[in-house]
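Only one structure is covered here, and it is reproduced in the block below.
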Amino acid sequence: MFTGIIEGIATLQSTNKLEGYADWEVEFPDGALNGIEIGASISLEGVCLTVTSVSGNKASFQIIEETLGRSTLGKFKPLDTLNYERSLTFGKEVGGHLVSGHVMEVAKIIEISQIKDLESGESTCDMTIQTSDKVAMYIFEKGYIAIDGISLTVGNTHEGGCFEVHIIPETLRRTTLGNKVAGSLVNIEIDSTTQAAVDTVIRLNERLVKR
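Just so you know, the sequence shown maps onto residues 33 to 243 in my numbering.
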């Protein structure tokens, strides 16, 4: 389990595709892996992965074909950067929302607009993202969503599965979202509480219709 508060950016060092899975070696910033043991969970781009080995600032992961195909990880190559977050520990502040690291869908950024503050020189960013109807039914204005592992609040929603998110300068600096362009693909995980509420309402309505 994660919070959606990205701890930093790691770099993919190497990939080795094997039968049914791929071996990844990822380099993290100094100190990021302190206390990490084999079997620990780390979220990369919003995908929960298991550490298979640790050496200095580098950790290895085995990623099955299912995960590579259902997320953006299958498109990554050496020297690409990745958002990372270590798993939540008891007593840690949940600054975002609870995130499982199970990607529901790969969505596309269809529009990006930036507004630069003349005094600070920093920019905020508005993104419009296209999802399928299957995922859109769980997305509500002011609700939570995780994009590439980042806990964000949904802005306006539109017909056809589009929704907006508004990104502050700090998030652009600390994550890979600052490198995105229109057409970029992102991993989407909807809020589990919202999903449970929507699914419950749908089931209740179906039972009422059958009566």
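In this text, a Cβ means the ideal position worked out from N, Cα and C, and glycines have one as well.
Exercise. Is ILE68 helix, strand or coil by DSSP?
Worked result: The sequence position of residue 68 within the sequence shown is 36, counting from 1. Correct three-state label for ILE68: coil.
For this session: Would you kindly work out how many angstroms separate the C-alpha atoms of VAL86 and LEU44, rounded to a whole number?
Result: To locate residue 86, count along the sequence shown from 1; it is residue 54. To locate residue 44, count along the sequence shown from 1; it is residue 12. Rounded to whole angstroms, the separation of the alpha carbons of LEU44 and VAL86 is 14 Å.
Exercise. Would GLU59 pass as a contact of LYS109 if the rule is Cβ separation under 8 Å?
Worked result: On the sequence shown, residue 59 is found 27 positions in, with the first residue counted as 1. On the sequence shown, residue 109 is found 77 positions in, with the first residue counted as 1. A distance of 8 Å or more separates the beta carbons of GLU59 and LYS109.
Exercise. Of the residues GLY175, LEU240, GLY181, which one's Cα is nearest the Cα of GLY133?
Worked result: Position 101 of the sequence shown, counting from 1, holds the residue named residue 133. Comparing Cα positions, the closest option is GLY181.
Problem set entry | Residue environment, THR121, which counts as buried when at least 16 other CB atoms sit within 10 Å | Residue numbering aside, residue 121 sits at position 89 when the sequence shown is read from its first letter. Exposed: under 16 other Cβ atoms inside 10 Å.
For this session: Determine the closest residue to SER224 out of GLY52, TYR116, ARG118, HIS129, with distance taken between C-alpha atoms.
Result: Position 192 of the sequence shown holds residue 224. Ranked by Cα distance from SER224, the options GLY52, TYR116, ARG118, HIS129 are led by HIS129.
Exercise. So THR189 packs on GLU202, CB below 8 Å; how close in whole Å?
Worked result: Start at 1 with the first residue of the sequence shown, and residue 189 comes out as number 157. Start at 1 with the first residue of the sequence shown, and residue 202 comes out as number 170. For THR189 against GLU202, the beta-carbon gap comes to about 24 Å, at or over 8 Å, which does not count as contact.
For this session: Give every residue of the same chain whose Cβ lies closer than 8 Å to the Cβ of ASP112, excluding the five residues on either side of it in the sequence, and list them in chain order.
Result: Position 80 of the sequence shown holds residue 112. Around ASP112: THR43, LEU44.
Problem set entry | Own chain residues within Cβ distance below 7 Å of ARG102, not counting five before or after | The residue you call residue 102 lines up with position 70 of the sequence shown. Cβ within range, chain order: VAL135.
Exercise. If you draw a straight line from the alpha carbon of ARG239 to that of LYS140, how long is it in whole angstroms?
Worked result: To locate residue 239, count along the sequence shown from 1; it is residue 207. To locate residue 140, count along the sequence shown from 1; it is residue 108. Using only the alpha carbons, I get a separation of about 35 Å.
Problem set entry | Continuous beta strand (DSSP E) stretch holding ARG118: start and end | Numbered from 1 along the sequence shown, position 86 holds the residue referred to as residue 118. In this chain, the beta strand (DSSP E) harbouring ARG118 covers 113-118.
For this session: Provide the residue span of the beta strand (DSSP E) that contains LYS242, from first to last.
Result: Here residue 242 corresponds to residue number 210 of the sequence shown, with the count starting at 1. Premise fails: LYS242 lies in the alpha helix (DSSP H), 224-242, not in any beta strand (DSSP E).
Exercise. In the DSSP assignment, what are the bridge partners of THR47?
Worked result: Counting from 1 along the sequence shown, the entry for residue 47 is found at position 15. Bridge pairing for THR47: TRP56 [DSSP].
Problem set entry | Buried or exposed (CB count within 10 angstroms, at least 16 for buried), ARG4 | Residue 4 is absent from the model: the chain starts at 33 and stops at 243.
Exercise. Do you know offhand how far THR185's Cα is from CYS157's?
Worked result: Taking the first residue of the sequence shown as position 1, residue 185 is located at position 153. Taking the first residue of the sequence shown as position 1, residue 157 is located at position 125. Roughly 13 Å separates the two Cα atoms.
Exercise. By how many angstroms is the C-alpha of LEU105 removed from the C-alpha of GLU77?
Worked result: Position 45 of the sequence shown holds residue 77. Position 73 of the sequence shown holds residue 105. Computed Cα separation, rounded: 8 Å.
Exercise. Can you pull the DSSP bridge partners for HIS129?
Worked result: On the sequence shown, position 97 is the one that residue 129 refers to. DSSP, once it has assigned bridges, lists no residue as partnering HIS129.
Exercise. Which residue's Cα is closest to the Cα of MET33: GLY67, ARG118, GLY71?
Worked result: Reading the sequence shown from its first residue, position 1 is the one you call residue 33. Among GLY67, ARG118, GLY71, the Cα nearest to that of MET33 is on ARG118.
Exercise. Should ILE142 go down as buried or exposed, given a rule of 16 or more other Cβ atoms within 10 Å for buried?
Worked result: Here the question's residue 142 lines up with position 110 in the sequence shown. The residue is exposed, with fewer than 16 neighbouring Cβ atoms inside 10 Å.
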